[in-house]
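Note that numbering that gives the first Met the number 0 has the sequence shown beginning at 0, numbered continuously upward. Glycine included, each C-beta is placed from N, C-alpha and C at the ideal position.
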Amino acid sequence: MIPLAMIVVITVADLLSPSDIHFGALLVAAPAITASFAGAWFTGVIGLLAITGEIMIGVHHNRLGTENMQSELIAMIAVSAFVVVFCLIRDRERRVLVQVRSVAEAAQRALLRPLPESLGTLRLASVYLAAAAEARVGGDLYGAVRTVNATRLIIGDARGKGLTAISDAAALVSAFREAARRGLSLPELVADLEDSAGFNPYDFAGEWPASEETFVTAVALDIPDDEPVLTLVNCGHPPPLLVHAGEVTPLQCENPAPPLGLGDLCDHGYAVCSFRFDEGDLLLLYTDGVTEARDAAGVFYPLADRIGAWTQEAPEGLLKRVCDDLLTYTGGRLGDDAAMIAIRRMPVADSGGAYGPAATSGARAF
């Protein structure tokens with residue numbers, strides 16, 4: 000309505016003004032403003048109405064044949080044509096962007112399948128925050144596999160950014176989904192992931208250029224249904240946070256392994272760490288995009304201190320609190336992608352039939 004109102008007001012003002020006072024040149028603003036929010040067709044219609052208004056003014060004041068009026072008409076026609084062409088190009092680029100976004104979202108769903116709300120005796124929630132405003136995928140990864148009597152999870156962060164990091168993350172999460180269902184022990188699973196992270200399909204390609212060193216920091220966990228414990232192998236990743244009786248404790252391993260892809264630095268195998276994980280306890284897995292986020296003064300985000308106030312939240316509620324607080328803390332800008340998984344162990348009676356046939360019939364990957 001704004002450009003239409005402009006045309007009416009400017010035209011009426013010029014018609015009611017003396018012949019030596021001209022407002023008609025202002026009509027060119029109507030199609031120019033319309034191009035900022037409307038499509039090519041509507042912008043073209045506004046341009047035609049503005050030209051019509053200019054012609055009415057020229058006829059009313061008997062100035063239609065003057066050089067000044069003709070130059071104004073030519074200028075208005077040129078500007079209207081220009082903004083219509085601009086709208087056509089912008090709309091075409093917008094359609095391309097929509098297609099690219101849809102492909103990116105499909106890629107994210109393939110890479111990071113949404114975790115279900117419950118697996119066995121666990122209630123889960125997951126979130127991915129991309130550092131780039133238009134991004135939907137990145138180098139962070141997570142996954143879960145439901146086995147016969149346990150749940151296996153992984154969270155990781157591939158080195159670097161861009162397509163290389165996305166490719167490494169996709170390869171590792173796919174390898175995890177495949178290996179985790181084969182009944183391997185946790186050290187064997189991590190060793191299998193190490194082989195996958197270090198595998199280069201072009202090693203024997205004579206002219207393939209050498210790539211930069213890549214690696215993935217990760218934590219792999221086993222959480223059995225029938226024992227109040229969890230076991231994990233930490234490969235250079237930030238330690239999970241365990242919330243028990245309102246207290247937040249980082250689950251530090253005495254002998255963490257190198258990141259996946261740098262296994263040659265480790266010659267003593269993969270040490271498994273065990274921690275108690277009782278009913279009602281809450282576990283938070285995260286990537287360093289959370290803890291290395293900074294405020295305006297350059298201070299790191301104090302994740303362990305912040306979640307201490309939200310220990311009674313459900314997993315999805317906790318992640319919402321952390322995400323809102325993190326974006327507020329950083330002013331809405333993250334320096335790196337961030338992924339989180341919140342897990343609460345529920346009583347068997349509240350786990351939705353965790354021991355029923357549907358839950359124990361075989362492995363299922365997420």
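Tell me, please, which residues DSSP counts as bridged to residue i.
{"i": "Ala341", "result": "Ala124, Leu283"}
{"i": "Cys272", "result": "Leu231"}
{"i": "Gly142", "result": "Ile153"}
{"i": "Ser117", "result": "Arg122"}
{"i": "Ile222", "result": "Thr150"}
{"i": "Ala217", "result": "Gly155, Cys234"}
{"i": "Glu253", "result": "None; Glu253 has no bridge partner."}
{"i": "Val247", "result": "Val242"}
{"i": "Ala313", "result": "Ala313 is not bridged to any residue."}
{"i": "Leu261", "result": "Answer by DSSP bridge pairing: none, since Leu261 is not bridged."}
{"i": "Arg293", "result": "Phe299"}
What does the alpha-carbon distance come out to for the pair residue i and residue j?
{"i": "Leu25", "j": "Ser101", "result": "41 Å"}
{"i": "Leu14", "j": "Leu47", "result": "18 Å"}
{"i": "Val228", "j": "Ala105", "result": "36 Å"}
{"i": "Val99", "j": "Arg91", "result": "13 Å"}
{"i": "Gly23", "j": "Ile54", "result": "9 Å"}
{"i": "Arg93", "j": "Leu87", "result": "10 Å"}
{"i": "Gly235", "j": "Gly155", "result": "10 Å"}
{"i": "Ile366", "j": "Val83", "result": "This structure cannot settle anything about residue 366, because the visible part of the chain is limited to 0 through 365."}
{"i": "Val97", "j": "Ser184", "result": "44 Å"}
{"i": "Ile1", "j": "Ala49", "result": "13 Å"}
{"i": "Ala244", "j": "Glu226", "result": "18 Å"}
{"i": "Ala29", "j": "Ala129", "result": "39 Å"}
{"i": "Thr146", "j": "Asp221", "result": "10 Å"}
{"i": "Ala168", "j": "Met75", "result": "54 Å"}
{"i": "Thr42", "j": "Ala313", "result": "50 Å"}
{"i": "Val271", "j": "Gly182", "result": "16 Å"}
{"i": "Gly334", "j": "Ser125", "result": "20 Å"}
Among the options, which residue has its Cα nearest to the Cα of residue i?
{"i": "Phe276", "options": "Gly235, Pro115, Asp224", "result": "Asp224"}
{"i": "Asn254", "options": "Tyr269, Gly245, Leu261, Asn148", "result": "Tyr269"}
{"i": "Phe175", "options": "Leu110, Leu3, Thr65, Val78", "result": "Leu110"}
{"i": "Ala219", "options": "Val7, Ala103, Leu152", "result": "Leu152"}
{"i": "Arg320", "options": "Val298, Asp294, Leu283, Met68", "result": "Leu283"}
{"i": "Arg293", "options": "Asp139, Gly330, Cys272", "result": "Gly330"}
{"i": "Gly316", "options": "Pro301, Leu281, Ile73", "result": "Leu281"}
{"i": "Met68", "options": "Gly260, Gln311, His21", "result": "His21"}
{"i": "Leu123", "options": "Leu114, Met0, Ala129", "result": "Leu114"}
{"i": "Ile6", "options": "Ala341, Ile342, Gly137, Val44", "result": "Val44"}
{"i": "Ser273", "options": "Leu259, Leu231, Asp335, Val298", "result": "Leu231"}
{"i": "Thr213", "options": "Leu241, Ile222, Ala170, Val242", "result": "Ala170"}
{"i": "Val27", "options": "Arg181, Glu71, Val58", "result": "Glu71"}
{"i": "Gly260", "options": "Ala296, Asp191, Val271", "result": "Asp191"}
{"i": "Ala217", "options": "Gly182, Phe36, Leu264, Arg158", "result": "Arg158"}
{"i": "Tyr141", "options": "Ala4, Tyr285, Tyr300, Thr65", "result": "Tyr285"}
{"i": "Val215", "options": "Val144, Asp139, Glu187, Ile73", "result": "Asp139"}
Measure from the C-beta of residue i to each C-beta in chain C and report whether the shortest distance is under 8 Å.
{"i": "Pro113", "result": "Judged by its chain identifiers, the structure shown contains no chain C, having just a single protein chain."}
Can residue i be considered in contact with the ligand ATP, in the sense that its beta carbon sits closer than 7 Å to one or more heavy atoms?
{"i": "Asn61", "result": "Among the components modelled here there is no ligand, and therefore nothing to report on the ligand ATP."}
Segment contact, 8 Å Cβ cut-off, at least three pairs: the segment 303 to 310 with the segment 107 to 122
no
(Q) Which complete alpha helix (DSSP H) runs does the segment 36 to 73 hold, if anything under 4 residues is left out? (A) 39 to 59
I'd like to know if the segment 288 to 300 and the segment 322 to 331 are in contact, where contact means that at least 3 CB-CB pairs between them fall below 8 Å. yes
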